[in-house]
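Here's the structure we're looking at; comments come further down.
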Amino acid sequence: MPKIVETLETQHGLLQTVVAEIDHALAANRMDEVAAKLSRMRTALEAHLALENAEFYPAMVGMAELQQQPQMLQIVKLFDQNMRVIADGVIKFFDRYAGKPIERARFEPEWRSLVCVLSQRIEDEERTLHPIHTRLARSGPVRAALT
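Take the position in the sequence shown, starting the count at 1, then add 112; the result is the number in the numbering used here.
See below:
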């Protein structure tokens, strides 16, 4: 597995851990802890998005092998575009709650929706996008030069 895919999946694991911590604090009605964990999640998610936007998607779209497979290239571009839409909504969510007391009745339904979207996205990336990257990275010019 390429290092960038390993890093992204490690970041996914961290995000899932923080989600579980927020869920636990929410279940215990510890809203101050929810707010603190939410800040941690935002930082982790912004780092993840920055890596995807700066390195992962540009590298994938630039792969010569992908350029020769228009359907697969379209899938990668759709993942990229879709993540930009999701990220915009998630950042707006964080902005609504950052540095403010969190009212559970308003927060919880939004939180559940956000977790659902992000969980599905992580699953989709790890099931579809990361294997495409791994397969292409193994068959690319660097691999060919090594064999």
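Cβ coordinates follow ideal geometry from the N, Cα and C atoms, glycine included.
{"Asked": "Complete alpha helix (DSSP H) runs within the stretch 176-224 (minimum length 4 residues, chain order)", "Found": "176-179 and 182-209"}
{"Asked": "Rounded C-alpha distance that separates D192 from K115", "Found": "19 Å"}
{"Asked": "Neighbourhood of I134 by C-beta distance below 6 Å, restricted to the same chain and skipping five residues each side", "Found": "V146 and K149"}
{"Asked": "Straight-line gap, Q183 to S225 (C-alpha atoms, nearest Å)", "Found": "30 Å"}
{"Asked": "Proximity to V300 [Cα-Cα], best of M113, L127 and R218", "Found": "Residue 300 is absent from the model: the chain starts at 113 and stops at 259."}
{"Asked": "Three-state secondary structure (DSSP) of M113", "Found": "coil"}
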